[in-house]
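Residue numbers (the working numbering), protein chains in the order written: chain A, 4 to 246; chain B, 4 to 246. For glycine and all other residues, C-beta sits at the position ideal for the given N, C-alpha and C. Take a look at the structure below.
2 protein chains.
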Amino acid sequence: MNTRCQNCPLRTRDIFDPMTDREIAFMQKFKSGELEVDAGTTLMMEGSNSPQLYTLLEGMGLRYKSLETGERQVINFILPGDFIGLQAGVMSEMKHSVEATTRMKLCVFDRKMLWTMFRDHPDRAFDLTWLAAVEEHFLGESLAILGHMEGIARIARAFVQLFDRAAALGMIKGAKMPLPYRQQDLADALGLSLVHTNKTLKLLREDGVAVWRDGSLNILDYKRLCSIAQLEADREPMTRPLI
Amino acid sequence: MNTRCQNCPLRTRDIFDPMTDREIAFMQKFKSGELEVDAGTTLMMEGSNSPQLYTLLEGMGLRYKSLETGERQVINFILPGDFIGLQAGVMSEMKHSVEATTRMKLCVFDRKMLWTMFRDHPDRAFDLTWLAAVEEHFLGESLAILGHMEGIARIARAFVQLFDRAAALGMIKGAKMPLPYRQQDLADALGLSLVHTNKTLKLLREDGVAVWRDGSLNILDYKRLCSIAQLEADREPMTRPLI
DNA sequence: TCTCCGATATGTCGTAGTTTAATGCGCGGC
DNA sequence: GCCGCGCATTAAACTACGACATATCGGAGA
Numbered sequence: 004m005n006t007r008c009q010n011c012p013l014r015t016r017d018i019f020d021p022m023t024d025r026e027i028a029f030m031q032k033f034k035s036g037e038l039e040v041d042a043g044t045t046l047m048m049e050g051s052n053s054p055q056l057y058t059l060l061e062g063m064g065l066r067y068k069s070l071e072t073g074e075r076q077v078i079n080f081i082l083p084g085d086f087i088g089l090q091a092g093v094m095s096e097m098k099h100s101v102e103a104t105t106r107m108k109l110c111v112f113d114r115k116m117l118w119t120m121f122r123d124h125p126d127r128a129f130d131l132t133w134l135a136a137v138e139e140h141f142l143g144e145s146l147a148i149l150g151h152m153e154g155i156a157r158i159a160r161a162f163v164q165l166f167d168r169a170a171a172l173g174m175i176k177g178a179k180m181p182l183p184y185r186q187q188d189l190a191d192a193l194g195l196s197l198v199h200t201n202k203t204l205k206l207l208r209e210d211g212v213a214v215w216r217d218g219s220l221n222i223l224d225y226k227r228l229c230s231i232a233q234l235e236a237d238r239e240p241m242t243r244p245l246i
Numbered sequence: 004m005n006t007r008c009q010n011c012p013l014r015t016r017d018i019f020d021p022m023t024d025r026e027i028a029f030m031q032k033f034k035s036g037e038l039e040v041d042a043g044t045t046l047m048m049e050g051s052n053s054p055q056l057y058t059l060l061e062g063m064g065l066r067y068k069s070l071e072t073g074e075r076q077v078i079n080f081i082l083p084g085d086f087i088g089l090q091a092g093v094m095s096e097m098k099h100s101v102e103a104t105t106r107m108k109l110c111v112f113d114r115k116m117l118w119t120m121f122r123d124h125p126d127r128a129f130d131l132t133w134l135a136a137v138e139e140h141f142l143g144e145s146l147a148i149l150g151h152m153e154g155i156a157r158i159a160r161a162f163v164q165l166f167d168r169a170a171a172l173g174m175i176k177g178a179k180m181p182l183p184y185r186q187q188d189l190a191d192a193l194g195l196s197l198v199h200t201n202k203t204l205k206l207l208r209e210d211g212v213a214v215w216r217d218g219s220l221n222i223l224d225y226k227r228l229c230s231i232a233q234l235e236a237d238r239e240p241m242t243r244p245l246i
């Protein structure tokens, strides 16, 4: 529910409550160009200083950290509408990498767009802080999932969340959504081994709950998936609509 | 390293690079009061809408989410200097709870302070976005830790990080720092069971690495602790100095 | 067509970590 | 004084998951 702070014109906004079309259109006016990249492209590299910010228009990708051990922690999956690289704007160094897993079409912003926002459009600048807070919220959720749920529940929850987001984006065709990732990506996101991820996927498949094949996820029994994920099937969906 | 964006006066800032004294003093001018609370007080409750923001002046606390199962995910430990409740400022609902584990002294800001910042002081407003990005960075680190490290390494890393932060705050007396939490708190932060946390603490104690007793942590062998934590002993310390 | 490689698939086995349950210990209340 | 409560401690039984080993499948390239 949108509310207005009594004392100021800044609009507080919940995570289920994306920016309006007008607000989005407004921000897009400050873009510095568009960009297309192929699957496999590394858009941002941790440690580097990328002076660009993006919103994803089409395609999918993922955000990850590399560990000293050579392993990888996938932080989240990036879907159309997501804002990419806020860190690149406010920090002197990227803290994670961003990789395209399909061909991606992006809207590019220059870092100076940030200054324009903060100087001339405090309400939109406020939205950027909101975006960062939303990111933080979802990371907190992930933390709880990795800390407290067993493998099958983690996978089920990932599926439900991705499915809800895809639904909000109109990417569902008959309970089927594109999910162009490797099993290793999911494993790295959920803190599981590849092998165990694979076996758990088999379980879900054989139980007629969900089938993930050839880059597309087919939810056969949403209700049961939710129950495995320890979610109510009629909860407010986790659409995570950013910008 | 501080750098200036070529096109704007906003200062990008790394996580090791806290706000200057001048900047802090400036923001403190907008406080609406001070507050003292006892140990055990719940400062903010998830689901509620707290119109206040705080910086912690003295004492310690923790930030956590409650799970449907009744369990708890501790998101992080709160030390003096930390900014609390940015979410409360930008979201219509808190996504986590904040609890004092000792008596705390706080600097209180009204939500309207945010509007003042965004309207009149874009550079300080920018710092708030930076703060949120820093939070996000550290959550990503925690995610990687929960996803990929075994119990003893998680505990060792928590100790090293807390020790480094305490050092930056001048809270160390002879390798000893205050750590006023219960073992359950640490377990909930690291996604371990209380029992296993306890056993691992015993191990560290008996190996002469670190002793945590009566709310104070004594690091006996910092080097070894770092090696268990899979950290270089001479790395740039994770001071996490926020405001 | 053959080979190579990346991804998926599947079985076995060892173990880190959970669960459960019992015990001790200090402290505040009555 | 005794009781109850919160927290730390320890032991024993059980299990989810990782490590390792191997097999299969399909696409790219020579």
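Proximity below 8 Å, CB of residue i to CB of residue j
i         : j         : result
A:Met-97  : A:Val-40  : no
B:Leu-13  : A:Phe-121 : yes
B:Lys-68  : B:Ile-81  : no
A:Ala-178 : A:Asn-221 : yes
A:Pro-54  : A:Asp-17  : no
A:Tyr-225 : A:Ala-232 : no
A:Thr-119 : A:Ile-158 : no
A:Gly-143 : B:His-99  : yes
B:Glu-139 : A:Glu-139 : yes
Beta carbon proximity, residue i to chain B, threshold 8 Å
i         : result
A:Met-30  : no
A:Leu-197 : no
A:Pro-125 : yes
A:Lys-98  : yes
A:Glu-139 : yes
A:Phe-129 : yes
A:Arg-16  : yes
A:Gly-143 : yes
A:Ile-78  : yes
A:Glu-74  : yes
Residue i versus residue j: straight-line alpha-carbon distance, rounded
i         : j         : result
A:Phe-238 : A:Met-47  : According to the sequence provided, residue 238 of chain A is Arg. The question's Phe does not apply to it. Cα to Cα, A:Arg-238 sits roughly 35 Å from A:Met-47.
A:Val-101 : B:Ala-103 : 37 Å
A:Glu-74  : B:Asp-85  : 31 Å
A:Asp-20  : B:Thr-105 : 36 Å
B:Asn-5   : B:Met-22  : With a pLDDT of 43 at B:Asn-5, under the threshold of 50, the modelled position of that residue is not reliable, and no figure is offered here.
B:Leu-189 : B:Ala-42  : 17 Å
A:Asp-191 : B:Tyr-184 : 31 Å
B:Gly-88  : A:Asp-210 : 43 Å
A:Met-63  : B:Asp-126 : 33 Å
B:Gln-31  : A:Val-212 : 54 Å
A:Ser-51  : A:Ala-161 : 29 Å
A:Gly-92  : A:Leu-117 : 7 Å
B:His-199 : B:Gly-154 : 8 Å
B:Glu-71  : B:Gly-194 : 15 Å
A:Lys-34  : A:Val-111 : 6 Å
B:Ser-219 : B:Pro-181 : 4 Å
A:Met-94  : A:Ala-156 : 35 Å
B:Gln-186 : B:Arg-216 : 10 Å
A:Ala-3   : B:Ala-128 : Because chain A here runs from 4 to 246, residue 3 of chain A falls outside it and cannot be looked at.
A:Lys-205 : A:Ser-196 : 14 Å
B:Asp-123 : B:Phe-166 : 37 Å
A:Glu-148 : A:Thr-45  : First, the amino acid is wrong: residue 148 of chain A is Ile here, not Glu. Each residue's alpha carbon lies about 27 Å from the other.
B:Gln-9   : B:Trp-133 : With a pLDDT of only 48 at B:Gln-9, under the threshold of 50, the placement of this residue in the model should not be trusted; the figure read from the coordinates follows. For B:Gln-9 and B:Trp-133, the distance between alpha carbons rounds to 18 Å.
B:Gln-76  : B:Leu-59  : 21 Å
Interface flag, residue i vs chain A, CB-CB below 8 Å
i         : result
B:Thr-200 : no
B:Glu-49  : no
B:Ser-230 : no
B:Thr-132 : yes
B:Phe-121 : yes
B:Gly-150 : yes
B:Ser-95  : yes
B:Gly-64  : no
B:Gln-164 : no
B:Leu-194 : Reading off the sequence shown, one finds Gly at residue 194 of chain B, where the question assumed Leu. Chain A contact via Cβ: present.
B:Trp-118 : yes
B:Lys-68  : yes
Cβ-Cβ separation, residue j to residue i (assumed contact under 8 Å), whole Å
i         : j         : result
B:Leu-109 : B:Tyr-57  : 4 Å
A:Pro-1   : A:Leu-228 : Here chain A has residues from 4 to 246 only, and residue 1 of chain A is not among them.
B:Ser-145 : A:Leu-223 : At roughly 34 Å, the Cβ-Cβ gap does not stay under 8 Å, so B:Ser-145 and A:Leu-223 are not in contact.
B:Leu-234 : B:Val-163 : 6 Å
Query raised in the report: Going along the chain, which unbroken runs of the beta strand (DSSP E) with 3 or more residues stay wholly within the segment 125-205 of chain A?
Result: The qualifying runs are 179-181.
Requested in this report: For the segment 87-125 of chain A, list the alpha helix (DSSP H) runs that are entirely contained and at least 4 residues long, ordered along the chain.
Outcome: You should have 89-93 and 115-123.
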